[in-house]
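These notes are about the structure you will find just below.
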Amino acid sequence: PAQEIARLVNNEAGSLLWPFSFGIVGGVWGRAVRLRYRSSPFEYNAKPVLAGRLHPDAEGSRLHLRYRAPLWAYAFFAVWYCLLGLMMLIPLTGQWAPGISESDKLVGIGIWLLLLIAPLGLHHIGTRQSDEELEILMDFLEANARVEN
């Protein structure tokens with residue numbers, strides 16, 4: 001039953017809110033499932049989460065889950081790159097501040113390029129072990145929720 005799966009998962013998973021919970025954190029609230037693997041309180045905050053719904057079924061229950069970025073990360077990247085796109089209008093339209101030198105313009109464009117590339121690099125580095133963490137999450141569900149394929 002769905003309540004039994006929720007109880008088993010919640011008993012074994014650490015708290016998402018407590019920053020010093022390591023390993024599997026998250027749980028089941030109502031029918032919403034949200035699990036992630038935390039290895040450090042200082043790790044990359046936009047690592048993928050295993051999220052979805054727990055559906056009661058005639059044979060027991062079914063978990064419909066996706067391994068994806070947290071929802072706030074999608075919004076952050078959309079806003080970040082929209083702002084950078086707007087910032088690019090300055091050099092494209094030539095609306096620089098009066099009296100700015102060519103070297104200052106190059107520095108401004110260099111900083112813009114850094115702001116364009118840095119989040120992608122940080123995301124790549126921060127999610128490099130996501131495949132292994134998904135395996136850990138699936139093993140956790142198999143052990144604690146008696147998942148059958």
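Numbering (this note's numbering), first residue to last: 1 to 149.
Glycine included, each C-beta is placed from N, C-alpha and C at the ideal position.
* For the putative contact between Leu35 and Gly23, defined by C-beta atoms under 8 Å, what is the C-beta separation to the nearest angstrom? -> As a first step, residue 35 is located in the sequence shown; it is residue number 35 there, counting from the start. As a first step, residue 23 is located in the sequence shown; it is residue number 23 there, counting from the start. Not really, about 11 Å apart at Cβ, beyond 8 Å.
* Asked: To which residues of the same chain is Phe20 closer than 8 Å at the C-beta, ignoring the five residues directly before and after it?
  -> Here residue 20 refers to the residue found at position 20 when the sequence shown is read from its first residue. In its chain, beyond the 5 residues on either side, Pro41 have a beta carbon closer than 8 Å to the beta carbon of Phe20.
* Quick one: give me the first and last residue of the alpha helix (DSSP H) that Trp112 is part of. => Residue mapping note: residue 112 aligns to position 112 of the sequence shown, counting from 1. In the DSSP annotation of this structure, the continuous segment of the alpha helix (DSSP H) that includes Trp112 starts and ends at Glu102 to Gly126.
* **Unbroken beta strand (DSSP E) run spanning Ser61, endpoints** => The residue labelled residue 61 in the question sits at position 61 within the sequence shown. From DSSP, the beta strand (DSSP E) with Ser61 extends over Gly60 to Arg68.
* In terms of residue numbering, what span does the alpha helix (DSSP H) encompassing Ala143 cover? -> For this step, residue 143 is matched to residue 143 along the sequence shown. It spans Ser130 to Asn144 - the alpha helix (DSSP H) in which Ala143 sits, taken as one unbroken run.
* Asked: Does the distance from the CB of Pro56 to the CB of Pro1 come in under 9 Å?
  -> Here residue 56 corresponds to residue number 56 of the sequence shown, with the count starting at 1. Here residue 1 corresponds to residue number 1 of the sequence shown, with the count starting at 1. Yes, the Cβ-Cβ distance between Pro56 and Pro1 is below 9 Å.
* Asked: Grouping DSSP H, G and I as helix and E and B as strand, with all else coil, what is Pro1?
  -> Walking along the sequence shown from the start, residue 1 turns up at place 1. Coil.
* Asked: Taking 8 Å as the cut-off, is the CB of Ala118 close to at least one heavy atom of the ligand ZN?
  -> Annotation note on the ligand ZN: not contained in the displayed structure, which lists no ligands.
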